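The sequence shown begins at 1 in my numbering and counts up by one.
Think of the CB as a built atom: it goes at the ideal place given N, C-alpha and C, for glycine as much as any other residue.
The structure displayed is predicted, hence computed values, not measured ones.
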Amino acid sequence: MGMTIFDSRDPAIRAGLELGLLTTSIVASMADAAAAGRQAAEERKERRAAYKYACELNDARGRADELGRVAIRAVRHVASLEAHVRRLEAALKQRQDHIDRMRNAG
């Protein structure tokens, strides 16, 4: 069994050494706990940032999907308008051809 302050020739020095070792141990434990706390805080911060990024990415995908649907509707609408213009142009040509025939006949 090790020497204690009770069987030491100089109990005050022995008590001081033991107190120093105890203090060093406590300070080291506190430093370890502080480091672990900082690491845990950093990990929480990283998780929050990753979650925020995932949410923003999901929102962006949703907006992109909606924009894609709007673009498809717009393209269909333009195609419909182009078909309508072609029908009007054909009708106008037929009418002009009829007018030209009537002028030449008379």
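>> For Glu42 and Thr23, I'd like the C-alpha separation in whole angstroms.
In response: 28 Å
> Does the beta-carbon of Met1 have 16 or more other beta-carbons within 10 angstroms, so that it is buried, or is it exposed?
Replying inline: Interpretation of Met1 is limited by its pLDDT of 49, a score under 50 that renders its predicted location unreliable; no figure is taken from the coordinates.
> How big is the Cα-Cα spacing for Gln39 and Tyr51?
Replying inline: 18 Å
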